[in-house]
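These notes are about the structure you will find just below.
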Amino acid sequence: MVYNDTTLGPNYTIWGEITSGIEILEHIAKAGVKGGGADGTPIRNLVIQRVVVR
Numbered sequence: 034m035v036y037n038d039t040t041l042g043p044n045y046t047i048w049g050e051i052t053s054g055i056e057i058l059e060h061i062a063k064a065g066v067k068g069g070g071a072d073g074t075p076i077r078n079l080v081i082q083r084v085v086v087r
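Residues in the sequence shown are numbered consecutively from 34, following this note's numbering.
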């Protein structure tokens, strides 16, 4: 998942958007990523329990 505005190369495809629960993603992003950079694996382990594609 990409959080916030970003510039991605042409080899990435946007295939969806978060329509509810954005506060959860914001909470995960606030904790940061391993290594302290702006990109990478979240510090907190997470499991996506449900995805709905319409």
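Note that beta-carbon positions come from the ideal geometry of N, C-alpha and C, so glycine has one too.
Taking 8 Å as the cut-off, the beta carbon of G73 is found closer than this to the beta carbon of V66. About 10 Å separates the beta carbons of A62 and I76, which is beyond the 8 Å limit, so they are not a contact pair. Given a length threshold of 4 residues, each whole run of the alpha helix (DSSP H) inside the region 37-84 is given here in chain order: 55-64. A Cβ-Cβ separation of about 6 Å places L58 in contact with I51 under the 8 Å criterion. Measuring C-alpha to C-alpha distances from N78 to each of D38, N44 and H60 identifies H60 as the nearest.
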